[in-house]
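I have placed the structure first, in the form of structure tokens, so that the comments after it can refer back to it.
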Amino acid sequence: MGQFMSLLRLPAWLRTTSPLWPIQLLATEAETADSSSAVRTEVAGAVAPGLDDFEAFFTRHEREVVGYLWRMTGEEQAARDLTQETFLRTWQRFDQVRAYDQPKAWLFRVATHLALNHLRDQATGAKARQAWSQCEHATQSDPAMRIVNQDAVLQTLQTLSPRDRAALVLHSIYGLTCAELARSLGISRSAAKVTLWRARERFRTQHQRSEERS
Amino acid sequence: MTITDAAPTCSLQITSQTLSTWRADDLPTREASLLAAHVGECASCQAHLAAYDKMDSLLRAQTLPQGLTGN
Numbered sequence: 089m090g091q092f093m094s095l096l097r098l099p100a101w102l103r104t105t106s107p108l109w110p111i112q113l114l115a116t117e118a119e120t121a122d123s124s125s126a127v128r129t130e131v132a133g134a135v136a137p138g139l140d141d142f143e144a145f146f147t148r149h150e151r152e153v154v155g156y157l158w159r160m161t162g163e164e165q166a167a168r169d170l171t172q173e174t175f176l177r178t179w180q181r182f183d184q185v186r187a188y189d190q191p192k193a194w195l196f197r198v199a200t201h202l203a204l205n206h207l208r209d210q211a212t213g214a215k216a217r218q219a220w221s222q223c224e225h226a227t228q229s230d231p232a233m234r235i236v237n238q239d240a241v242l243q244t245l246q247t248l249s250p251r252d253r254a255a256l257v258l259h260s261i262y263g264l265t266c267a268e269l270a271r272s273l274g275i276s277r278s279a280a281k282v283t284l285w286r287a288r289e290r291f292r293t294q295h296q297r298s299e300e301r302s
Numbered sequence: 030m031t032i033t034d035a036a037p038t039c040s041l042q043i044t045s046q047t048l049s050t051w052r053a054d055d056l057p058t059r060e061a062s063l064l065a066a067h068v069g070e071c072a073s074c075q076a077h078l079a080a081y082d083k084m085d086s087l088l089r090a091q092t093l094p095q096g097l098t099g100n
């Protein structure tokens with residue numbers, strides 16, 4: 089039961105449709121079949137090996153993944169949805185994932201794949217740009233969010249191609265090495281270095297322009 | 030400076046791509062130590078790296094929207 093109580097520690101937006109839902113569902117079924125706590129524990133243990141490890145993995149990386157997906161998509165709701173999908177896929181292959189040398193790179197690879205698909209579905213990214221525009225409006229009307237530099241950074245990130253944006257965010261914010269970047273983006277290490285360099289230069293140039301305009 | 034230019038006053042014409050790779054700790058060891066010695070004396074390369082550092086600081090200073098922090 090303690091395992092399921094731990095769902096309460098999850099952020100509110102994940103608690104409703106937690107990535108642990110397959111386990112929760114199985115536990116509910118087990119509970120319905122036999123209300124004995126001994127049986128419940130046994131069944132939960134049998135169907136959910138590694139749940140504690142997965143929960144620790146989730147806790148360690150959830151904030152990074154949702155932050156990354158927010159910067160990639162520019163949309164809070166998309167970031168939430170894609171984070172859930174990322175961790176659900178991770179759970180489905182967790183026995184393999186936790187054996188990897190760099191499980192974080194694999195996690196970001198899944199998140200990147202989902203983000204790129206999402207952005208592709210947005211057809212030219214028009215919706216994302218609109219979301220940023222709304223975000224800008226919201227920040228102007230919210231005194232707590234009036235941080236000019238931060239707005240400029242968000243907007244500048246959005247001017248990069250999704251792949252460049254991914255490289256810059258993963259390296260500069262989440263500290264992925266070029267080798268990890270290569271795995272996360274599904275490209276060669278040489279290509280990862282070039283992508284990171286291009287992203288840095290484009291971001292620097294764009295940010296400089298926006299500072300000059302303001 | 031455009032993205033393909035070498036640093037304009039760098040005596041060794043070190044490119045921004047090389048500086049980016051060095052900053053990412055992904056240059057071969059020998060190249061990295063030679064570049065480290067050069068950067069110590071090159072104002073142009075130092076300025077370019079300082080711009081990268083500023084960029085990283087700006088990116089890391091971003092905070093997530095409250096709705097995503099679970100608080």
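Read top to bottom, the protein sequences are chains A and B. All the letters of the first sequence, read from the start, carry residue numbers 89 to 302 under the working numbering. All the letters of the second sequence, read from the start, carry residue numbers 30 to 100 under the working numbering. A virtual CB, placed ideally from N, CA and C, is assigned to each residue, including glycine. As the structure is a prediction and not an experimental result, all values here were calculated from the model.
Which chain A residues are close to residue i, counting only those with a beta carbon under 8 Å from its beta carbon?
| i | result |
| --- | --- |
| R89 of chain B | S260, I261 |
Considering only C-alpha positions, which residue in the set the options is nearest to residue i?
| i | options | result |
| --- | --- | --- |
| G138 of chain A | A:M160, A:G263, A:V185 | A:V185 |
| H77 of chain B | A:S249, A:E289, A:F196, A:R177 | A:E289 |
| A287 of chain A | A:Q246, A:S272, A:L195 | A:Q246 |
| R271 of chain A | A:R197, A:D183, A:E150, A:F146 | A:R197 |
| I43 of chain B | B:H67, B:A53, B:D85 | B:H67 |
| F146 of chain A | A:T293, A:S249, A:T178, A:M160 | A:T178 |
| D169 of chain A | A:A203, A:F182, A:R301, A:R181 | A:A203 |
| P250 of chain A | A:G263, A:Q210, A:E150, A:R181 | A:Q210 |
| D141 of chain A | A:P191, A:A166, A:L273 | A:P191 |
| S45 of chain B | B:L97, B:P94, B:Y81, B:D85 | B:Y81 |
| G391 of chain A | A:T244, A:L284, A:N205, A:R297 | With chain A covering only 89 through 302, there is no way to say anything about residue 391 of chain A. |
| W194 of chain A | A:H206, A:F175, A:N205 | A:F175 |
| G96 of chain B | A:E164, A:R208, A:R148, A:V282 | A:E164 |
Under 7 Å: does the beta carbon of residue i sit that close to some heavy atom of the ligand SAM?
| i | result |
| --- | --- |
| S62 of chain B | The ligand content of the structure shown is nil, which means the ligand SAM is not present either. |
The alpha helix (DSSP H) that contains residue i, what's its start and end?
| i | result |
| --- | --- |
| L256 of chain A | 250-260 |
| D88 of chain A | Any property of residue 88 of chain A remains undetermined from this structure, which presents chain A solely from 89 to 302. |
| L54 of chain B | Inspection of the sequence shows that residue 54 of chain B is occupied by Asp rather than by Leu. No alpha helix (DSSP H) holds D54 of chain B; DSSP gives it neither H nor E. |
| R186 of chain A | Taken as a continuous stretch (DSSP letters only), R186 of chain A belongs to no alpha helix (DSSP H), as it is neither H nor E. |
| S278 of chain A | 277-301 |
| T265 of chain A | Here T265 of chain A belongs to no alpha helix (DSSP H), and DSSP marks it neither H nor E. |
| E173 of chain A | 164-180 |
Quick one: using the 10 Å Cβ neighbour count with 16 as the cut-off for buried, is residue i buried or exposed?
| i | result |
| --- | --- |
| E117 of chain A | Annotation note: pLDDT 45 at E117 of chain A (below 50); position unreliable, coordinate value reported separately. Exposed, because fewer than 16 other Cβ atoms sit within 10 Å of the Cβ of E117 of chain A. |
| K83 of chain B | exposed |
| H295 of chain A | buried |
| G162 of chain A | buried |
| R52 of chain B | buried |
| D252 of chain A | buried |
| T38 of chain B | exposed |
| S278 of chain A | exposed |
| Q172 of chain A | buried |
| A144 of chain A | exposed |
| R181 of chain A | exposed |
| S276 of chain A | exposed |
| T98 of chain B | exposed |
Interface residues of chain B around residue i at Cβ under 8 Å?
| i | result |
| --- | --- |
| V154 of chain A | L93, L97 |
Taking residue i as the query, report the chain B residues whose CB atoms sit under 7 Å from its CB, ordered along the chain.
| i | result |
| --- | --- |
| V303 of chain A | The structure shown does not extend to residue 303 of chain A, since chain A is modelled only from 89 through 302, so no value can be given for it. |
| R292 of chain A | A80, M84 |
Please compile the residues from chain A whose C-beta is within a distance smaller than 7 Å of the C-beta of residue i.
| i | result |
| --- | --- |
| S45 of chain B | W285, E289 |
Shorter than 8 Å from the beta carbon of residue i to some beta carbon of chain D?
| i | result |
| --- | --- |
| A167 of chain A | Protein chains A and B are contained in the structure displayed, whereas chain D is not. |
Cβ closer than 9 Å: which chain B residues qualify as neighbours of residue i?
| i | result |
| --- | --- |
| T265 of chain A | A53, D54, D55 |
message = Check whether the segment 90-100 of chain B and the segment 55-67 of chain B touch, using three or more Cβ-Cβ pairs below 8 Å as the test.
response = The segment 90-100 of chain B, when compared against the segment 55-67 of chain B, does not touch it at the 8 Å Cβ threshold.
request  = Could you tell me whether the segment 251-270 of chain A touches the segment 145-165 of chain A, where touching means 3 or more Cβ pairs closer than 8 Å?
outcome  = Touching, per the Cβ criterion.
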